Each structure stands twice: as C-alpha cells, then as structure tokens.
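Participant: Handing you this structure, nothing more for now.
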Amino acid sequence: MVIKMAQKALLLYFLATASGFAFGATHVLPDDTIHRNLQVVVKEDAIEVVVELGMNDHTIRQLGKKIDGKKDWSPSELELSRLFTKVAAAAVATNLELLVDGERLPLVLISDEPAGKHHQTSRFVYRATVNGWNKKSQVTLADGNWTDLYGQARVAVKSKGVKLLDANAALLVVRAEPIELDELTSKERTEMLTIRAVVGPST
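Letter by letter, the sequence shown follows residues 294 to 496 in my numbering.
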C-alpha cells in the first residue's frame with residue numbers, strides 16, 4: 294500500500310515536472326509569492342514569449358484588484374484563475390521588454406489560458422514578428438512583472454529554424470535550475486529574470 298502511494302506521488306510529480314510546473318501540483322504557495330516559468334522561442338519569422346505564473350488565491354486577488362479594481366474577485370480556484378488570466382494578459386505584456394539588437398519589439402497576445410486545478414496558474418503566449426535573421430543578433434527579454442514579490446523562477450530559451458549561438462538560460466524550462474528570488478533586491482530579481490541570447494542564420 295505504501296509502495297503504491299509512493300509510486301502514485303512520484304508519477305504526479307513527474308507529470309507536473311513534465312508540464313514545466315512542478316510546484317503547481319505539489320503544494321500551495323504562501324501569500325505574496327509567485328512562481329514563474331519564462332521561455333523565449335526564437336523562430337525564423339517571429340519570437341514567441343511564454344509566461345507561466347503560479348500563485349495562491351490571496352495573491353491572485355491582490356494583483357487582480359490592482360489591475361482592475363472594478364471586477365468581482367470573490368470567486369476561487371479555477372474560476373478565479375480564469376478571471377485573472379483574462380484581466381492580466383495585457384498588463385503582463387506591458388512589463389515584458391523584448392529587444393533585438395537594442396530595438397524594442399511589440400508583443401501581441403496569441404494565447405492565454407488558466408492552467409492547473411491544484412494550484413492557481415496562468416499561461417500567456419506572446420509573439421513579435423521579425424524579418425528573418427541574416428546576421429548574428431542579440432535577443433533580450435526582461436520580465437519586470439511583480440519583481441517586488443517573493444518566489445521562484447525558471448528561465449529558458451530555444452530556437453526553431455535559427456541557430457542559437459549563446460544564451461544565459463537553459464534550453465528547456467523543465468531542465469532549468471530554479472532561481473530563488475526571496476533574498477534578492479527588486480533590481481537583482483529583474484536581472485535574474487532577464488534572458489539573453491545570441492542567434493544567427495541557420496546556414
């Protein structure tokens with residue numbers, strides 16, 4: 294019986310890890326804490342930015358009220374997550390700075406959805422169009438969302454049809470080492486939540 298329970302727990306952890314949100318299915322986060330995954334995907338004609346956020350109901354309500362205080366933030370669990378995801382999508386994009394060789398690119402929301410029942414999470418996907426990669430270029434993404442809060446982060450960058458020459462982040466979120474933000478200043482947190490990569494033509 295004990296062995297079966299342990300196997301089940303291990304399976305749940307594996308599934309959560311595979312989705313990139315190991316913290317989401319194993320415990321409830323404390324107040325004023327955000328766990329986040331941040332990934333940049335560099336493609337031939339675009340850059341996609343994937344942001345996944347995990348927090349408890351209290352934190353969702355606090356942040357939600359700051360974004361839109363006129364909404365009813367009394368729901369809980371998945372309904373609350375759906376509301377926050379819808380309301381926060383534009384605000385999250387505003388605090389994401391995507392640069393290519395120093396020039397800021399506008400991000401367009403292409404997907405937003407709540408994720409997970411055991412843990413309040415939201416997943417946003419943004420896209421910026423680029424005119425190909427005919428030379429070596431520097432891609433930088435800085436996440437300035439709620440850097441005053443506690444939490445943990447995983448950052449990653451990968452490429453599709455483009456050569457990734459150098460990067461300060463893992464290739465996959467699930468392989469990224471978690472960054473503990475609690476003991477860092479707001480400025481230090483912003484630095485740790487900045488992804489830098491050098492890309493070039495695939496041939």
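Note that the Cβ used here is the ideal one computed from N, Cα and C, for glycine as well.
Here the structure is a predicted model, which means the values were calculated and not measured.
What does residue 415 pair with, by DSSP beta-bridge criteria?
Facilitator: In the DSSP output, where bridge partners are listed per residue, residue 415 has 346, 407.
Participant: Note the first and the last residue of the continuous alpha helix (DSSP H) segment covering residue 385.
Facilitator: First-last of the alpha helix (DSSP H) with residue 385: 370-387.
Participant: Indicate whether residue 458 and residue 493 have their beta-carbon atoms separated by less than 7 Å.
Facilitator: Yes, these two residues count as a Cβ contact at 7 Å.
Participant: Just verifying my parser: in three-state terms, what is the DSSP assignment at residue 476?
Facilitator: Residue state, collapsed to three classes: coil.
Participant: Tell me which same chain residues have a C-beta within less than 8 Å of the C-beta of residue 479, skipping the five on either side of it?
Facilitator: Counting only Cβ-Cβ distances below 8 Å, and skipping sequence neighbours, we find 440, 441.
Participant: Whole angstroms are fine: how far does the CA of residue 330 sit from the CA of residue 404?
Facilitator: If you take the alpha carbons of residue 404 and residue 330, they lie about 16 Å apart.
Participant: Using the three-state DSSP reduction, which class does residue 455 fall into: helix, strand or coil?
Facilitator: Of the three classes helix, strand and coil, the one that applies to residue 455 here is coil, per DSSP.
Participant: Could you check the C-alpha separation between residue 444 and residue 380 for me, to the nearest Å?
Facilitator: Residue 444 and residue 380: Cα-Cα distance of roughly 21 Å.
Participant: Is residue 356 helix, strand or coil when you go by DSSP?
Facilitator: Residue 356: helix per DSSP, three-state reduction.
Participant: Between the Cα of residue 390 and the Cα atoms of 495, 484, 496, which residue gives the shortest distance?
Facilitator: Residue 484 is the option with its Cα nearest to residue 390.
Participant: When the Cα atoms are used, what is the spatial distance from residue 334 to residue 353?
Facilitator: So the two alpha carbons sit approximately 27 Å from each other.
Participant: Terminal residues of the continuous beta strand (DSSP E) containing residue 334?
Facilitator: Here the beta strand (DSSP E) through residue 334 covers 326-336.
Participant: Tell me, please, whether the region 359-371 touches the region 446-456 by the rule of three or more beta-carbon pairs shorter than 8 Å.
Facilitator: Judged by Cβ distances under 8 Å, the region 359-371 makes no contact with the region 446-456, as fewer than three pairs qualify.
Participant: Whole angstroms are fine: how far does the CA of residue 339 sit from the CA of residue 423?
Facilitator: Cα to Cα, the separation comes out at about 5 Å.
Participant: Inspect the beta-carbon positions of residue 482 and residue 474 and report whether they are closer than 7 Å.
Facilitator: Yes, Cβ-Cβ distance for residue 482 and residue 474 is below 7 Å.
Participant: Which of helix, strand or coil does DSSP assign to residue 483?
Facilitator: Helix.
Participant: Per DSSP, which residues does residue 463 bridge with? Please list them.
Facilitator: Beta-bridge pairing links residue 463 to 449.
Participant: Does the beta-carbon distance from residue 460 to residue 490 come in below 7 Å?
Facilitator: Yes, these two residues count as a Cβ contact at 7 Å.
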